[in-house]
Amino acid sequence: MEKTILKPGRYINKEWNAVHKEWTSDRLKVALCFPDIYEIGMSHLGMKIIYGLLNSKKDILCERVFSPWVDMERKMRTEGTVLTSLESRRPLKDFDILGFSLQYEMSFVDVLNILELGEIPLRSADRGDEHPLVIAGGPCAFNPEPMADFVDAFVIGEAEEAVLEITGIIRDKGHPSTSLGTGGTRDKVLRELAKIKGVYVPTYRASNITKRIIGDLDSAYFPTDPIVPYLQIVHDRISIEIMRGCPHRCRFCQACKIFQPLRIRSVKRILEIAEESIKSTGYEEISLLSLSSGNYPYLEELVGKLGEKFKPLGIKISLPSLRVKSFDAGKAGGVVKRAGLTFAPESGSDRLRKLLNKDIENKDIIQRSEIALKSGWKKVKLYFMIGLPGEREEDLDAIIELASSIKRVNLSISPFIPKPHSEFEREGMEDIEVLKNKREYLRSKTKIRMDFHDLRMSRIEAILSRGDRKVGQVIQMAWQKGARLQAWTEHFNYDLWLQCFEESGINPDPYLTKNRDTKFPWSFIVA
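Here the numbering used here is used: the first residue of the sequence shown is -2, the next is one more, and so on.
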């Protein structure tokens, strides 16, 4: 491959545990498409689950597709080559289903780019029986309307069971782009898919779509032989989901709502997954994942048994961002990786935190941080938001006061976005100039390291997350004007987005204002 291609390991295929099935006429062909680059998509647990689940079925062939980096896209367009799957190098038009994972609104343009590079019509209305069905799921599907013109069907909620029902219907009805069936039409298949609980087909919009959930995590499929990439990815370790849902009800949090109710995977099953995964991958780190891992009710038992089994092998355990009250250094033992510990207070003041329904106080944060640092953690990272409903200047001062009380601390600060289905979905997002002033105010008050999320990117994210079907015009125009990989700061182009809103005649401001009465574009989704 040419020297001009950065990280060719993204494209070379044949990693350890990758599945390569024979391309036979009796198999349904599914391409899982992740609208970001390899390192991001290969770190996503949901993609690993669906990839393993589908490939566990003899009559289904499942392969992977990722967004190319700009250098590879430039090469492809120069040479006139089409985007293909990683495993078999087959063009996307050869598949029966293209399944997209919508994890982040800023990746919407990359969905269109994958379709176009794969020679698939962008809009579902322009696709015929010869084209694959385009199906999407993930958190962003809980407001599907901005992408509704481009997606044939959305899976709302957890996909493990729904995806097998979808593939079963497509096999039974015989999607006409393959030799599987008896020549059914795209319309017939979509009508059948619309009958599945949790599936939204924009062409046949129902009054209410209820999300899918998995009732029992222990009996749910979980991959124990994940692919081991050749190059380092973002989360280069074994990831085990220990809980799904969250025991808390933070008012700003979309994830708490869309992933409820709380379900727990047993210690016995987690240990089985861990042991099998270590054997099949050789990784030396296990990450225990959930929305609030510190609240796993059997954490002390789990960490103890993991330590007993894996500490002699030099295998470490890592935990994601924790709630302050759930952190207990004693439970961690010597097996937990201690590079850094992350807490998410969200606000610097006890007063505002109570309004958020976040039941922790500054004294708890300071105390637990001190314990962590004395117990061997090298640093503490605190996540905050600015622009929260009810925020005052004194709350900004409280961020600095709290951070100044902790040694070896870094801050990560993002603007509040009123996400669909959260309790704050009817709140507005503060004007970007107001947020800039708050950012500069914080910077002027301390020399503590503060990482701010791009305010302009957050504004576009908010519009896309809260948009209606008209916003799809802006997404397509932005892609046509060259928007790619907008989740990456080096490629994000705020002025281009503003230009697209202006040229399309769509005012973005109403999507960001406080709303008490109007029905939302996502109101028909029951989370």
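We put the beta carbon where it would ideally sit given N, CA and C, even for glycine.
| Asked | Found |
| --- | --- |
| Relative to the C-alpha of Gln229, which residue among Gln473, Met39, Val264 is closest? | Met39 |
| Checking 7 Å against the spacing of the C-beta atoms, do Ile255 and Ala524 come in under that value? | yes |
| Name the two residues that bound the continuous alpha helix (DSSP H) containing Met474. | 468 to 477 |
| Could you give the C-beta distance for Ile368 and Ser402, rounded to a whole number, given that I count them as a contact under 8 Å? | Ile368 to Ser402, Cβ: 14 Å. No contact. |
| Reducing DSSP to helix, strand and coil, say where Thr179 ends up. | Bear in mind that a pLDDT of 39 at Thr179, under 50, signals an unreliable position, so the number given afterwards is only what the model happens to contain. Coil. |
| Which residue from Lys478, Ser346, Leu83 puts its Cα closest to that of Ala28? | Leu83 |
| Expressed to the nearest angstrom, what Euclidean distance is found between the alpha-carbon atoms of Thr78 and Pro32? | 19 Å |
| Hey, which unbroken runs of the alpha helix (DSSP H) at 4 residues or more fall wholly within the segment 205 to 270? | 251 to 255 |
| With DSSP collapsed to three states, give me the class of Asp146. | coil |
| Using only the alpha-carbon positions, how far apart do Thr164 and Gly134 sit? | 14 Å |
| Grab the span of the beta strand (DSSP E) containing Met73 for me, first residue to last. | Unbroken run through Met73 is the alpha helix (DSSP H), 67 to 76; no beta strand (DSSP E). |
| What first and last residue would you give for the alpha helix (DSSP H) that runs through Glu398? | 390 to 401 |
| Per DSSP, which one or two residues make a beta bridge with Gly134? | Ser98, Val152 |
| Less than 7 Å between the C-beta atoms of Leu349 and Asp392, yes or no? | yes |
| Which residues in the same chain as Glu358 place their Cβ atom closer than 8 Å to its Cβ, once the five residues preceding and following it in sequence are excluded? | Asp347, Arg350 |
| On the criterion of 16 or more Cβ atoms from any shown chain inside 10 Å, does Val231 qualify as buried, or is it exposed? | exposed |
| For Gly464, is the classification buried or exposed, using 16 other Cβ atoms within 10 angstroms of its Cβ as the cut-off for buried? | buried |
| Using a 10 Å radius around the Cβ and a threshold of 16 neighbouring Cβ atoms, would you call Arg513 buried or exposed? | exposed |
| For the segment 5 to 20 against the segment 56 to 75, are there 3 or more C-beta pairs whose distance is under 8 Å? | yes |
| Considering only C-alpha positions, which residue in the set Lys4, Ala203, Arg74, Glu272 is nearest to Ile530? | Outside the modelled stretch of the chain, which goes from -2 to 524, sits residue 530, for which no answer is possible. |
| Distance, Cα to Cα, Arg266 vs Ile47? | 19 Å |
| Closest to Arg440 by C-alpha separation, out of Ile397, Arg248, Ser419, would be which residue? | Ile397 |
| Could you give the distance in angstroms between the alpha-carbon of Ser277 and the alpha-carbon of Asn434? | 51 Å |
| I believe Tyr201 touches Ile153 by the beta-carbon criterion, under 8 Å. Please report the beta-carbon distance rounded to the nearest angstrom. | In fact, because the Cβ distance is near 14 Å, the residues do not count as touching under 8 Å. |
| How should Asp184 be labelled, buried or exposed, when 16 other C-beta atoms within 10 angstroms of its C-beta is the threshold for buried? | exposed |
| Taking Leu525 as the reference, give the member of Glu269, Leu285, Asp107, Asn52 with the closest Cα. | Any answer about residue 525 is impossible in this case: the structure gives the chain only from -2 up to 524. |
| Using only CA atoms, which one of Ser104, Leu114, Tyr35 lies nearest to Lys72? | Leu114 |
| Since Ile94 contacts Ile132 with CB under 8 Å, what's their CB separation in whole angstroms? | 6 Å |
| Could you check whether Phe219 and Ile270 sit closer than 7 Å to each other, using their CB atoms as the reference points? | yes |
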